[in-house]
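Heads up, the sequence shown is in our numbering, so the first residue is 36 and it goes up one at a time. For every residue, glycine included, the Cβ atom is placed at its ideal position computed from N, Cα and C. Source: prediction; values computed, not measured.
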Amino acid sequence: KKSRLLTQLGSGMAFVQGLWGCGPGIFDVQADRLKTLDALTTFFKEKSALDQYYSKTLKKLAKLHLMENETVGSPLQSFLHGFRDLIDTVSTNYAILSAKEIDQMLNPLNRAKAKLQADNKTLRRESNRFGARMRKLQLHHKRSREDARNLCRESVLSRRRCDNHIRQEKTVLAKLQAQLRRLEAKGLRHPDVAAQHDMVKNKIRAVKAQGIALAERSKTLKREFDLADNKYVAAVKACREFRGKHDSASNAVLRGLEKTEMARTESIREGIRRYLKVQSEMSKKLLVSYQSVSAISESVNAKDEIRCYVNKYKTGKAPAKLPEYYHFPSHEAALFRDKFDPQDYVNKPQDQEDAALVAADDTHLKEMRGIIDAALGESKRITPEASSRLEELLQTKLGRSAFAAALNHHRNNGFDGNGGHEVPQETFERLAELMLLFLDHAKKEMDTAPAQLVMIMSQTFYKVDKTNRIYVQVRIKHHPIWKATRFWEEAFFESLTKAIKRDPRIKSSRWHTDREQADALDRQKKVLFGQLGAFAHNMLEFGMEKKETLSFVEKICSINELGKEECASLLGVVNAAAAGRESKSGSENTAALEPTNDAKARENSEGGDQTVAKQETGDLQIKEKKEELDVPAQRCKTPVSDTSGTASAMSNEWTRVTHADTQSVKSVPGSVTASPPDFEISVEDGPDELP
């Protein structure tokens, strides 16, 4: 037993074993522990503002006239040129650091804190609900047990008294019978004896009747005791059953608290780890810059300066220029790189590996295209081998992306080669089956990117029933993936990120004035507003409950600090759309005849140019020929963290100065803000693009 205890303590004790019966005070303790996240977010916020101010100040100092009055081409002028560029380089690096502190540290911590607070609030509410019910039932069962115990006690006492009376009556009856026999022995001819005889017989009858009544009373009391005893047993059993449910709920709450504590610890560790990694990279680059400029100082000599000055004064010609100072190119675009990911510090694949990956991607696409053409073409047959291969492909990320890309090709060119989106009845049903099979695998792996593209396909292809259009959406909108809030959240975060990256007014690397910066932030909120409204509409279209949709909108508005008016407007749109959907829910087919206005726009699309859709980190890179594709207005793509960075890209992101540099640093924006949160729905025209 001692060894088991030591093993348990050594491996770490879980909340269920260590905090059992701790009471509601544990939630207050957990709330206090979240203050560490508050302190850390405050640190990164203030540190980012400080680095921003330091960057602006250094940028102003870099514009001082350090070398304009020196002899042109002299070593001193070259040295001052390098020193000025060093100041500008340090300014740029601190601007990058400020942006990263917001983008990679502050924003993730804020999101983690909001989620942890919401989870703790939910767990507290569930714990309080079960605790209140437990106390209420315990009080009720306690009263029931007391009542049953009192009834048992009273029935036992009454029965004992009844039994005593019965025994007394038996004794009296025996005496009367003996007296009756004596009177009969004397004879009944004497009047007095006869009268006594009759009186004794009457008493005997009365005693027997009373004995019978007492016996019935005893049986009644026995039944009352059994009933009270059964009530007591039932009350105890019910209390024990609910106690088991309460214990199970308490275990679930403690496990939830343990998960939130693990997430809190991981968020703190990851935030500080990112900060240290970024600081380390910046320090390395700055050290190289300092050493480079320091090396230039060795060429500065007072006698050489005097000689250069005298030669210029006497001849009027500047001396031959020394090898000019060359600085590393400015990395303003690095301020708005993709989001941080641990893969940023992993070695990038070699060129040969990249070429092999592209070849494998093309192979997957061609193979998937052949299977889908066979299933949906004129033969509408698929061999068992092809069906088995389709299952294998859909179990991989590349295979699912290839499936979505193959359908996207048919959206551009149609199944008949004429670019039409109408399909026959048999093709319609077969296409719906393939989409449902794909969605099963996508839900299992939560592969949201191709699932979003397949959602668009379902709002594109249709069949004609009499005079009405019925879209494939009708067949697939009841799939469980559309009911998963996680799916919509991840898709939204990724979609908004890409929409913001495509807008030059938001991602511009230069904001010369505070007004330009404010305009960019305002534009970012407008993009967020539009994307969130489109996503809410899609959620309702695919069967998401109104309550969950409203909760999703409120959560996104809260995380991104959207204004109250915008939030109220979005909630009003959701309510109106839900009311409209309910009013038209009499016929399921009618509700799905025209899924979105985007489908109407797609019907009139024409195709055109050959384009290349590339996706980093394992997504397919495919060349497709099309003519002017009209991507649906609600283009949903996958979320979560981007994994596009590499160690080499990370190391080159910081501006540095080398001894061989010759040009001056380009100016860096005076004010820097973090890249926007990672999510998006895009509105774009583009090629057969993989998600």
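| Check | Outcome |
| --- | --- |
| For glutamate 457, the residue or residues it bridges with in DSSP | Tyr497 |
| Asparagine 503 - containing alpha helix (DSSP H), residue span | Asparagine 503 -> not in any alpha helix (DSSP H); beta strand (DSSP E) instead, spanning 503-506. |
| Element boundaries [alpha helix (DSSP H), containing tryptophan 523] | 520-537 |
| Stretch pair the segment 144-151 + the segment 278-290: three plus CB contacts closer than 8 angstroms | no |
| Cβ-Cβ distance between leucine 466 and leucine 411 below 8 angstroms | yes |
| For arginine 194 and phenylalanine 260, the rounded distance between their alpha carbons | 9 angstroms |
| Coil, strand or helix - glutamate 596 by DSSP | coil |
| Continuous alpha helix (DSSP H) stretch holding lysine 148: start and end | 142-221 |
| First through last residue of the alpha helix (DSSP H) which encompasses alanine 441 | 432-448 |
| Cβ pair asparagine 447, leucine 488 closer than 8 angstroms | no |
| Alpha-carbon to alpha-carbon, isoleucine 591 and threonine 157 | 18 angstroms |
| Residue environment, serine 315, which counts as buried when at least 16 other CB atoms sit within 10 Å | exposed |
| Supposed close pair leucine 531, glycine 568 - CB separation, criterion 8 angstroms | Incorrect: roughly 12 angstroms between the Cβ atoms, too far for contact. |
| The segment 99-112 touching the segment 333-350, judged by at least three CB pairs closer than 8 angstroms | yes |
| Cβ-based burial, aspartate 67 [other Cβ within 10 Å; buried from 16] | exposed |
| Rounded separation between aspartate 63 and phenylalanine 79 - CA only | 25 angstroms |
| When Lys512, Lys257, Ala440, Glu219 are compared against valine 191, the one with the closest alpha-carbon | Lys257 |
| Neighbour-count burial assignment, asparagine 503, 16 or more Cβ in a 10 Å radius | exposed |
| Cβ pair methionine 470, serine 493 closer than 8 angstroms | yes |
| Proximity below 8 angstroms, CB of leucine 72 to CB of arginine 299 | yes |
| Inter-stretch contact (C-beta, 8 angstroms, three-pair minimum) for the segment 161-174 and the segment 223-242 | no |
| C-alpha gap between asparagine 155 and leucine 69, whole angstroms | 10 angstroms |
| Heavy atom of the ligand FAD within 7 angstroms of glutamine 65 beta-carbon | Of the ligands one can find in the structure shown there are none, so the ligand FAD has no counterpart to examine. |
| Glutamine 173 to serine 586 span [Cα, whole Å] | 35 angstroms |
| Same chain only: Cβ atoms within 8 angstroms of tyrosine 310, ignoring 5 sequence neighbours per side | Phe79, Glu136, Met140 |
| Span separating the alpha-carbon of glycine 565 from that of histidine 176 | 56 angstroms |
| Same chain, Cβ closer than 6 angstroms to leucine 406, neighbours up to 5 away in sequence not counted | Checking the displayed sequence, the identity of residue 406 turns out to be isoleucine instead of leucine. The residues are Ala421, Leu425. |
| Three-state secondary structure assigned by DSSP to glutamate 103 | coil |
| Span of the alpha helix (DSSP H) around aspartate 22 | Residue 22 lies beyond the range of the chain shown here (36 to 726); nothing can be said about it. |
| Between the CA atoms of alanine 486 and lysine 91 - distance to the nearest angstrom | 45 angstroms |
| Local Cβ density within 10 Å of glutamine 430, reported as buried at 16 or more and exposed below that | exposed |
| Touching by the beta-carbon criterion (3+ pairs, under 8 angstroms), the segment 81-99 and the segment 329-340 | no |
| Close Cβ partners of tryptophan 517 (< 6 angstroms) along its chain, the five nearest in sequence each way excluded | Phe577, Gly578 |
| CB of isoleucine 535 within 8 angstroms of CB of glutamine 559, strictly | yes |
| Residues near leucine 474 in its chain [Cβ-Cβ closer than 6 angstroms; skip 5 each side] | His514, Ile516 |
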